[in-house]
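Below is one structure, written out as C-alpha cells; comments come after it.
Residue numbers (this note's numbering), protein chains in the order written: chain A, 1 to 102; chain B, 1001 to 1102; chain C, 2001 to 2423; chain D, 3001 to 3607.
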C-alpha cells in the first residue's frame, strides 16, 4: 500500500445481522465498528530486528509477526437482536470500541 | 498448521548484534526475545464478523486484520554493546518482554 | 344563600411542588412538621380507621390539607422518585381509605404530546418516509434498527435482553427481578422516540406483531406458571409504592372518558402511553396478549378466576386494559403517526349546545355500581388546570368536559352532556 | 342490612327549590326483623375525595332513605364549591350515606354499610322540561347495577322514578314496565314504581340476572320508548358444605421407587359450590390438617391444597364454583429400608361455612411404603481397547430398577481382584442412579501381562448403607500403539476431520477421536465437531465422567465464552452451533463457525 495510507482507526458500517455470517437469521441491523488502516509509524526496532532474523531463517518457521497490527484495544459490551424465529440473541464483543497499532 | 499448534508466547534467541541487520558491526551477542505462536483461542466474534464482511466485500479492501496478532505487549527497556570501532551503542525496546494475542 | 360560605377561608389554588421539596418546607415549619409526625403515627397504628377517628389525627389531617404536602406531586424518573412517592402516599393513605378503585396519580400531569415525539422521531430517523414504502415496511423492525444505531438505546436494550434471556436452571426460566429492573432502566433512560416505536409500532403482519409482543421478553418479564387473580395482583402491586404510583398514573391518564374526542382524559395520548410504559418492569407489567397484527389487546398477567363476590370489580379492572378505547386509540395513533391537534384552548362549544351523542365506543366503560369507586367522574378540568393553565384568571379557560361516564350495561341507553361554563 | 348499590347518581342544578326530592337509597335486610335506617355523612367531597365543605344542603329521611334538598343551591354556593375544587367548574361531588346500624365512620365508606351518592352539580338552572330528552326523563345518568345477597329475605332494591324530574315536570307522563321480570324472582309495582325480589335468591342456581325495563314518555302519538337493562349480581355466601368430588373420599397409593421429597403420592378433590372466600383469603380459611399422632407421619408427609375456580351447571345455567385439589406429598426423601402401611386422614375444614351440616370432611389416603432391596445382575463383562485414553467410558452398571429411582442415592465402587492390573474407575450419575465405568489409568492397558481385569462392583445405598455386589470382567482388545506426536489433549480442539481422526484425546475408547459431520443447517444441534466418542459427546448433557475434566467434552461441559453463531446449553455447553464447533478448554473458549470461513490465516496478506 502507498506509504502514508489512512492510518489505523475506527471505522463503522451498518450491516444486517445475517450479513455477519454467524448463522443467525435476523432482519435487524447493527452498527459494526472495526479497526482498519496502516501502522507504518508504529514500527519499532524490534520489528526491524525480527524481520531480518526471519529473512535469515534464524527464527524457525513458526508463526511470527514482524509488523504492528491495527487491532481493537477495547470492544463494545454487547448487542442483542430478535431473530426470525422470535428468539433473542446477545453477541458479546461484536464491535470494536478503540483501535491501536500493536 | 494443525489446530492447537503452540500458542502465542515469548521465545528467545541468542544472536550477534550484526545479525540484527541494523548496521552495527559488533561481535557482542544479545538475547533477542520475540513473540510467536498461534492465536486461535483469542479469536472473537468481531473477527468472525469482520472476516465474513471482508469476504462479501462489504468492507472496502483497506487494510483490515480479521485475526488476532501474537505481538509484544511490553518491551525490554534497553541493551548496550561496544562495536568494532570501540564505540558504545544502546538500543531501546529491542526485545519483547511480554506477548499476547491482540 | 348559605351564610356559612362567606366566612370560610378561601382554599385557593397553588402550583404543586414535588413532595421531597414539600417535605422540606413542612419540616422547616414546626406546626406542619409536628402534625405530619402525628399523621405518620396515626397511620402506623394497626387499626388505621380507629386511629383516624381520634381528634389528634383529624387535626393533623386538617392542617396538612393546607400545607404544600397536600397537593405535592412527583415526576417520573426524577432523582429521588421513590422517596417522593413515599411521602406522597404517606399523606394520601391518610386522606383516602385505601382500597379505592381509582387512586389519584402522584405524578405531575404530562404536558408533552405525541406530536412532539413524532417530530423528534422524524429528526432522528430522518424519516419523512415515503408513505407507500412505510405502509409495507415492518415498523417494529425499523424501530429495533433505529435503536441499534443509537449507542444509548442499543446499550440499554442489549442489557435488558441479555438479562431477561439468561436461563438460570431447568426449573428457573430467568431472574425476573433483575429483568424487571433492566426493563425499568430502559424505559426510564431511553427517550420515548425510541422506546415507543418499539412498544407501540403498528403492524400489518403477524411477524411484526410477534416482534412487538416480544419487545419486553414476556417469557421472563410477564408470563408465569399460573395466572393470579387480578385483584390479588393489584393488592400486591399497591404494597410497593412505585408500582402503586404507576398503576394510579395509568388509571389517571388512560381511563376511558366518553366526553373527549380521543376517549383519553385531556385528549393526551402521550400521557396514556407514558403511563402504560411506566408499568413495565413491575408486578403489573402489561403486554400484548397475542400476535394478531391489528387486534390490539393488552393485559396484565392475571384473570378473574377466584374473585368471589368481587368478580364485577375484577372484570372492570381487567377491562381498563383489555377493552380500553383510550389506550387502544393512543397505541393506534402512535402507530399511525397521528395525534389529535388540540390547540391549548381546546375546541370551544357554545354554552347551550343540545347534547349530542358522541361516537360511542362500543365497549362498556367504567363505573357501575359494583365498584366501590370514589372517582367515577374525572375532573378533566383538573388535569387541564394542572397543565399550568392558570384557572381563575384565564378568560378562555371555561371549557371543561363533564365527565359523566356512564356504565353501558348491555342494552341501556347512554346520555352524554357537554357543558361549557364560564368561571 | 346492606345497600343494594355501592354508588348512586343524580344531577343537581342551581336554584332547585328546597324540598326537591332527589333520590331513594335502598337497603335490603339480612334478617326479617331488621328495620333499615339511614344517616348522611357530614361533608361533601370532590372527585378525588378531597373534603370540600360541610353538607349544608342535602338531607335524608332516615326511615325511607329519601334524599332531598334542604336548602337550594345558589350560584354563590356553586362558585364556592368550585373554587374549593381547584377553581374549576365543579363537576362532581359526592356524599356518603350510612346505614343506621353500621359502625363505619366518615372517611371509611365502603359497601355494604356505606354507599356514595354522586351529584353532577351543573352550574345552570333546571332545564325546561320540553328540552329534556326521553332518556333524561327516564333513567339516571349512570348505568344501574345491583347486588343482592343470596338466602336473604326479599325486599325492594330500586325505585324507577327520577324524583327531581317527577317533581319539576309533573305534566310529563312517564310510565315504566319491567319487560322480562315476570318469570324471574323480581317484581315491579307499577304504582310505587318499586322493584323488589319475590323470594330469597340462591346464587348456586343463578348468579347473574339482566332485567329489562321499558319507559314510555308522553302520551298518544308522541309517545317515545326508552329501554334500559340493568344487571343484578347475586352475592355469594358460604352456604354450601364441601363435598367429595365424584363421591370419592379415599385414595390408595404405593411408595416404592419414587421416594424423593416433593413427590406427589396421591390426590383427592373436594367440590364446593361456593366461590367465597375469594382467592386472597381462601387458602387461609379453607384449611387442611393431616391428622396423625405419629410424629413419623407428620415429619414425612404434608398436604398441599390448591383451589381452582370451576363452572357448575345449575338448571341450564353455568355458575362459578370451586374445586379444591388436595395432594399428599412426601415431605422428606424416604430411606429404602422404610416399610409401612398407613391410613392417613386429612381433615378439610371450610371454616367460613355456616350451614346446618358440617363444613368439615375427612379425606382418606391408604399408603403402602414398600422397602427397596438393591440387586445387581450376577456378573458384568465389558471389552476395553488397549489404546483407550483416560476417561474412556467402558460401560454402565446399575442396580435393578435404577432408572425408576428418585430420592434414592446409590454409590458405586470397584474392588480390583489384582492390584497391578487395575485400570478402571466408576462414577455415579445422579440422573439415573447408574454407575459409569471408565478408564482411569492407561498404563495397565499397555502392559501385555494384563489380558483381563477382574473387579467386584459394590453398590451402596448412602442412607442405609445397604449393599449389593456383582463380579466384573474386563477383557483387553487390540494392541497399544505409540501416541501420535503433536496431538492436543482434547479432541475438541481439532477443527477438521483429517486432524480429528489422526489423533486421540481424553475420553476416546478407541484411542482415536471421532468426527461428527453436521447437517450444515444454520445454527443446529447437529453441528460438526470432533469428539472422543459421538455416542456420549456431544449429547447436550455433561455426564458424571465428562465433568471430571473439561478436556473430555467441552462441547457439553464448557462454562465460558462461545464465539460465533450458537445457542448456549442450559447453564453450560453448546446446545446448537453454526458450522463447526471447536474448543480451547484451557482458555475456556469454544468457537462455532462455518467450515468455509476458516480460510488461510491472514498473516502476510494483511500486513
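Think of the CB as a built atom: it goes at the ideal place given N, C-alpha and C, for glycine as much as any other residue.
Please classify residue i as buried or exposed, where buried requires at least 16 neighbouring CB atoms within 10 angstroms.
i, result
"residue 3009/D", "buried"
"residue 2177/C", "exposed"
"residue 3164/D", "buried"
"residue 2075/C", "exposed"
"residue 3199/D", "exposed"
"residue 3377/D", "exposed"
"residue 3222/D", "exposed"
"residue 3443/D", "exposed"
"residue 37/A", "buried"
"residue 3077/D", "buried"
"residue 3362/D", "exposed"
"residue 1088/B", "exposed"
"residue 1031/B", "exposed"
"residue 1045/B", "buried"
"residue 2941/D", "No answer is possible for residue 2941/D: the residues shown for chain D start at 3001 and end at 3607."
"residue 3039/D", "exposed"
Helix, strand or coil for residue i, going by three-state DSSP, please let me know.
i, result
"residue 1086/B", "coil"
"residue 2290/C", "coil"
"residue 3515/D", "strand"
"residue 3272/D", "strand"
"residue 6/A", "coil"
"residue 2101/C", "coil"
"residue 2266/C", "helix"
"residue 3594/D", "coil"
"residue 2388/C", "Summary for residue 2388/C: the model assigns pLDDT 31, below 50, so the residue's position carries little reliability; its value from the coordinates is reported in the next sentence. Coil, per DSSP."
"residue 2008/C", "Here the model assigns residue 2008/C a pLDDT of 36, short of 50, so the residue's position is not dependable and the matter cannot be decided."
"residue 3248/D", "coil"
"residue 3279/D", "helix"
"residue 2083/C", "helix"
"residue 2425/C", "In the structure as shown, chain C begins at 2001 and stops at 2423. Residue 2425/C is therefore absent and cannot be evaluated."
"residue 2088/C", "helix"
Which partner residues of residue i appear in the DSSP bridge assignment?
i, result
"residue 3149/D", "3235/D"
"residue 3341/D", "3368/D"
"residue 3307/D", "3324/D"
"residue 2470/C", "Past the edges of chain C, shown from 2001 to 2423, lies residue 2470/C, and the structure says nothing about it."
"residue 2018/C", "2073/C"
"residue 3540/D", "None, per the DSSP bridge assignment."
"residue 2147/C", "DSSP, once it has assigned bridges, lists no residue as partnering residue 2147/C."
Just reading off the beta strand (DSSP E) that residue i is part of, what are its end residues?
i, result
"residue 3435/D", "3434-3439"
"residue 3461/D", "3452-3461"
"residue 3577/D", "3574-3578"
"residue 35/A", "29-36"
"residue 98/A", "96-101"
Ends of the alpha helix (DSSP H) at residue i?
i, result
"residue 47/A", "45-55"
"residue 2187/C", "2176-2189"
"residue 3116/D", "Taken as a continuous stretch (DSSP letters only), residue 3116/D belongs to no alpha helix (DSSP H), being part of the beta strand (DSSP E) at 3114-3125."
"residue 2318/C", "2311-2322"
"residue 3111/D", "That residue, residue 3111/D, is in no alpha helix (DSSP H); it is neither H nor E in DSSP."
Answer yes or no: the CB of residue i versus the heavy atoms of the ligand FMN, is any distance below 7 Å?
i, result
"residue 2017/C", "The ligand FMN is not part of the structure shown, which contains no ligands of any sort."
Which parts of the region 3469-3530 of chain D are runs of the beta strand (DSSP E), unbroken and 3 residues or longer, counting only runs that do not cross its ends? When DSSP assignments are scanned along the region 3469-3530 of chain D, the uninterrupted stretches of beta strand (DSSP E) that are 3 or more residues long and fall wholly within it turn out to be 3514-3516.
Exercise for review: Pick out the complete alpha helix (DSSP H) segments inside the region 3019-3087 of chain D, 4 residues or longer, and give them in chain order.
Suggested key: With a minimum length of 4 residues, the continuous alpha helix (DSSP H) runs that stay inside the region 3019-3087 of chain D are 3075-3084.
- Item | Complete beta strand (DSSP E) runs within the region 3340-3426 of chain D (minimum length 3 residues, chain order) | Secondary structure remark: continuous beta strand (DSSP E) runs of at least 3 residues inside the region 3340-3426 of chain D, in chain order: 3340-3350, 3360-3369, 3379-3385, 3393-3397 and 3410-3416.
Which runs of the beta strand (DSSP E) at least 3 residues long sit entirely within the region 3183-3226 of chain D? Give them in chain order. As far as the region 3183-3226 of chain D is concerned, its whole beta strand (DSSP E) runs of at least 3 residues are 3186-3189, 3194-3197 and 3208-3217.
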